[in-house]
Amino acid sequence: MKSRIDAGASVVVARSGVIVAAEEGRGIGPLVRLFDERRLKDAIVMDKVIGRAAAAFCAKGGAKQVYARLAAKGAAEILAAKGIPLKAEKTVERILNRKQTDACPMEKAVAKLDDPERMIAAVREKLRELKEKKEKVK
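Count along the sequence shown starting at 1, add 28, and that's the number in our numbering.
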């Protein structure tokens, strides 16, 4: 799984030691796609970055274990509440935006929430807002 991340995948999903899905892309999008396809259930999920927002998708999607290159401390709490272990190469206080100037917009969207279902709704709303903003710029 780690070699697939090294090769460019953003998120990799495995069951019974077999990789069943790998997605490329930026941000939380690849994980959201796998969640929407119901591919996280009873799976081991490895992602480059797991913040609280991504943890909500893993928790609600029924992941069995989560691994990350970089994880936010709050992500472990979200997953632990559902009995899902998180292992990370590096743990940070919060996930930053791409420019490293502020918190990630997805993390901001879920900052005051603890329920994975409400967190997912907030992330979807933020993704919709960002998409609309991007389309207006074109």
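For every residue, glycine included, the Cβ atom is placed at its ideal position computed from N, Cα and C. All values derive from a computational prediction rather than experimental measurement.
- In this structure, the alpha-carbon of Asp70 lies about 12 Å from that of Lys110.
- Looking only at Gly55, Glu51 and Glu121, the smallest Cα-Cα distance to Lys127 is reached by Gly55.
- In terms of Cβ geometry, Ala108 and Asp75 do not form a close pair [threshold 8 Å].
- Residue environment analysis places Arg80 among the buried positions, since at least 16 neighbouring C-beta atoms fall within 10 angstroms of its C-beta.
- The beta carbons of Ile112 and Ala82 sit about 12 Å from each other, so the pair does not count as a contact at 8 Å.
- The Cβ atoms of Val94 and Val60 do not sit closer than 8 Å to each other.
- Cβ neighbours of Val48 within its own chain (closer than 8 Å, five residues either side excluded): Val41, Ala42, Arg67 and Ala71.
- Contact between Ala99 and Ala116 holds: their C-beta atoms lie close to 4 Å from each other, under 8 Å.
- The continuous stretches of beta strand (DSSP E) do not include Asp143, and DSSP gives it neither H nor E.
- Around the beta carbon of Glu52, fewer than 16 other beta carbons sit within 10 angstroms, so the residue counts as exposed.
- According to DSSP, Ile106 shares a beta bridge with no other residue.
- For Met74, the beta-bridge partners assigned by DSSP are Val40 and Tyr95.
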